[in-house]
Amino acid sequence: MTDLAPEPAATYVQVALNLPLRREFTYVLPNGVAARPGNRVRVNFHGRGLGGVVTAVSASTDLPPAKVKPIEAVLDADLLLPPSLLELARRMAATYGCSLGEALDATLPAVAKRRGQRRIPHLEVKAPHDLAMQAVLELEEKHQAQSRVLRTVLEFGGPMPVLDVRRRTATSDSPWQTLVKHGLLKRVMIAEELEELVPAIEEAAVRHELNEHQRAAVAKVDESVAAGAHRTFLLHGVTGSGKTEVYLRILEEVRKRNRSAIVLVPEISLTPQTVGRFASRFPDVAVLHSGLTDAERGRQWQRLLQGRSKVVVGARSALFAPVQDLGLIVVDEEHETSFKQDSTPRYHAREMAIVRGEIEKAVVVLGSATPTLESIGKARRGVYELLTLPQRAGAGRLPKILVQDLRGEPKEVRRAGVVLSRTLLVLMEERLKARDQVLLFLNRRGYSPVLLCPGCGEAVKCESCSVSMTWHVRRGRLVCHWCCREKRRPEICPSCQQPGMHELGVGTERLEQAVKDRFPEAIVARMDADTMAERGAHERVLSAFRKKHIDVLIGTQMIAKGLDFPDVTLVGVVSADTGLFVPDYRAAERTFQLLHQVAGRAGRGEKAGTVVIQTFCPDNYAVEAAAKNDYDSFVQQELVFRKLTGYPPFSRLLRVLAEARAESEAQKLLQEAVVPLRGMADVEVLGPAPAVIAKVKDHWRWHMLVKCFQPASFQRAMAAIGTVEDLGTRTCRVTLDVDPSSLM
């Protein structure tokens, strides 16, 4: 009788799941199946099949082996997250109070999470165009979500991914499924085209001779690159000082050493221009941003994972690109709030870029004309190394800035809402006659932000949110910019029944109409969330503007930074006050940054530039400093305010937000959560109190703000608050936001 062969020893794996649970779960690998840390697997979790990431492999477990479930499948043995990204996810989870599974989920593109999915569901219009347009109007009253979905697909102009439809319309699957059932839409599965990135010729970066300040900056960073040591540099350069050329020269040194690089830009609208500049010098550029389809993003991700691309350019999520032997991370426009993720995990890409640099011994360069107070403070204390570019590169000169006090405009014009002041109109006429180009900036979309009754003074408000609805003429609807709810314009006041509603304030749509009325010969284009809904719209408008097919470009903050057009000689800031009185401690800083960045779009070529800043508050220190191009004086005054009030950089903030259908439930939950924080050393608590926007999507919102004045007190406060799953209930959602970018 022969001896039976011993059974092979079991192999156990720790799996992190994308759930708000601060622990990992043990599973066993079936015989013949192998997995390594970084592999994606599918497991059974309480009867549900879930995807997760293996974080550790071991030969034993403390659990009873009979109770350990086997993993169902290794989703892709070849798809392995590098150890550096696993470590980055761990650090992110610890810093931002999320689970490791949630942090790991942020590092993977959607295509990697859904093995083999090359064809993704799209919606396209099935009914004739006229019939579909008629259906949009008919559905609006009783089935508003369906109306919104149908109109969005119509405006997109082609098959639109279902996920994009849901995101843009704030709806579930039900509305589009009903439209498909009734024959208005058609669901189609489309395999996306996966062409190589071909940068536009006009976006190529011409190699310029460096000035002495640029040479000094490049030399300093190159020392750290050559030493293979981590160091964080803050490149503070005035607008048009040639920061991109500095990045390119540093990248040349990085590539000579066969190391990789990540370049982060804040806006999707900047990506084509930045990609073009980098791709014209480096043939192995990959691009990652939210405008790509899942399949496109997955293809770029695979190129990076396989080492076929060594340079990645993209928005926030490009930080997690699986590049090998990382040598450089550039965070361009480091002050931008879009680097802060507004959903779990609520990380800040700038801070996590520095962490990844530490992990991989890579150099990090933060660039901005208006660094945040936190960054400039760290540079002055020696935490970062400060590099300065005090003058414009080449023939560019800083523009002449005029502050137009709107209080001096005629009374009847002010009453109607000042759109274009007399000064700005005269200068626009001059520039358009000379065939120069004009940029007009207004950080508010729609036609009019408020529809007001002149009798009782009541504004038309959203029924689901505690905000006024914005009037959109092109759409012919009032729209809530928080929940996407729409309704027709009332002929009479809903409160007092008086006819004749008054349009109060100015949005980009109203500004566009005013420019067209005043300058009928000019070709005018608008860039905001309403006009950029169609895929590829950013690239088309910016390309047309570069080719001088557009005379006047109107836009929100997507035109305010990073764009370089040598024929723009006039920039008009239509309302400098839009964000000045928002109840947020960063209001003055953001206003200064926007004004400074917008002003920097003028005079970037050989032609001199002029900027007109229209404001009702010309004496405000943020406006005054922007008008003088005086960053240092603004920082000095703002630091006085921050120190007196105990806000960053003199503290670190935690915001806890509770949302529930019953206001009392949200209030009670936070009143209990705040108890352990009271009396804690080096901690100050504001609230709990109703949030600035007290109701969104029929949910009441309460929040509290925790100021931590020492690193140790920050850790104590995080521990005292507990985790989101500890705080939240089935009917009350809780959000923990570390270093919040918005207090709204």
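Just so we're aligned, residue 54 is where the sequence shown starts under the numbering used here, counting upward by one.
Glycine residues also receive a C-beta, built at the ideal position from the N, C-alpha and C atoms.
These numbers come from a predicted model, not from an experiment.
Nearest residue (CA-CA) to residue i, options the options
i	options	result
HIS756	ARG769, GLU712, VAL728	GLU712
THR668	TYR700, VAL408, VAL456, LEU426	VAL456
LEU216	ARG240, HIS388, GLY236	ARG240
ARG302	ALA368, GLN267, ARG93	GLN267
ALA269	ALA597, ALA282, PHE286	PHE286
SER628	LEU459, LEU116, GLY102	LEU459
GLY553	MET242, SER766, ARG563, ARG542	ARG542
LEU153	LEU72, GLY281, ALA773	LEU72
ALA282	ALA734, MET611, GLU298, VAL307	VAL307
MET580	PRO573, GLY560, GLU386	GLY560
ALA772	CYS151, ARG89, GLY100	CYS151
ARG76	ASP604, ALA156, ALA130	ALA156
GLN490	GLN377, ALA655, ALA641, LEU477	ALA655
PRO619	GLY662, ASP637, VAL218	GLY662
HIS525	PRO547, THR584, VAL472	THR584
VAL233	LEU263, PRO636, ALA188	ALA188
SER370	VAL383, PHE392, GLU462, GLY104	PHE392
LYS296	GLY380, ARG330, ARG433	ARG330
GLU556	ARG731, THR523, VAL635	THR523
LEU238	ALA272, ALA185, PRO375	ALA185
ARG563	ILE607, TYR437, PRO319, TYR684	ILE607
ARG454	THR622, LEU341, LEU317, ILE315	The residue you asked about is not Arg; residue 454 is Ile in the sequence shown. Considering only alpha carbons, the answer is THR622.
LEU722	LYS750, ILE774, PHE694, TYR700	ILE774
VAL299	GLY732, ALA159, LEU381	LEU381
PRO117	VAL791, ASP685, THR79, MET145	THR79
Status (buried if at least 16 other CB within 10 Å, exposed otherwise) for residue i
i	result
PRO509	For the record, residue 509 in the displayed sequence is Cys; it is not Pro. Result: exposed.
THR784	exposed
GLY625	buried
LYS760	buried
ASP19	The chain is shown only over 54 to 797; residue 19 falls outside these bounds and no answer can be derived.
MET481	buried
CYS546	buried
LYS486	exposed
THR222	buried
GLU262	exposed
Residues of its chain near residue i, where Cβ-Cβ distance is below 8 Å and the 5 sequence neighbours each way are ignored
i	result
ARG754	LEU710, ALA711, GLU712, ALA719, PRO743, ALA744, ILE746, ALA747, LYS748
GLN690	TYR674, ALA678
LEU730	VAL736, VAL738, VAL759, ALA770, ALA773, ILE774
Close beta carbons around residue i, own chain, < 6 Å, minus the five adjacent residues each side
i	result
ARG52	Absent from the structure is residue 52, since the part of the chain shown begins at 54 and ends at 797.
ALA339	GLN353, ARG356, LEU357, SER362, VAL365
SER766	ASP735, VAL736
ASP378	ARG312, SER313
VAL664	PRO452, ILE454, VAL624, ALA652, ALA655
ALA597	ILE603
GLU438	PHE286
Alpha-carbon spacing of residue i relative to residue j, whole angstroms
i	j	result
LEU304	ARG204	45 Å
GLN566	ARG484	19 Å
PHE762	GLU737	8 Å
LEU82	LEU134	19 Å
THR64	LEU74	24 Å
PRO90	PHE373	17 Å
PHE703	LYS309	41 Å
ALA332	LEU207	34 Å
GLN444	VAL291	6 Å
ALA126	HIS175	28 Å
ARG334	LEU478	41 Å
PRO781	CYS515	The sequence shown places Gly at residue 781, rather than the Pro named in the question. Going from the Cα of GLY781 to the Cα of CYS515 covers about 27 Å.
GLU386	ARG488	30 Å
GLU360	VAL384	Just to set this straight, residue 360 is Gly in the shown sequence, not Glu. C-alpha separation (whole angstroms): 22 Å.
MET242	HIS235	19 Å
TYR400	ARG708	13 Å
ILE407	GLU574	50 Å
GLY653	PRO452	7 Å
VAL594	LEU426	34 Å
CYS518	THR224	16 Å
Close beta carbons around residue i, own chain, < 7 Å, minus the five adjacent residues each side
i	result
ALA512	VAL503, LEU504, LEU505, SER521
PHE645	THR423, ALA675, ALA678, ALA679, PHE687
Residue i Cβ short of 7 Å to the ligand GDP heavy atom set
i	result
LEU739	The ligand GDP is not part of the structure shown, which contains no ligands of any sort.
Do the stretch 120-128 and the stretch 353-360 touch if we need at least three Cβ pairs shorter than 8 Å?
no
For the stretch 524-534 against the stretch 498-509, do three or more pairs of beta-carbon atoms, one drawn from each stretch, fall closer than 8 Å, so that the two count as touching?
yes
Within the chosen definition, does the stretch 183-203 reach the stretch 216-233 through at least 3 CB pairs nearer than 8 Å?
yes
Any 3 or more C-beta pairs closer than 8 Å across the stretch 403-417 and the stretch 139-149:
yes
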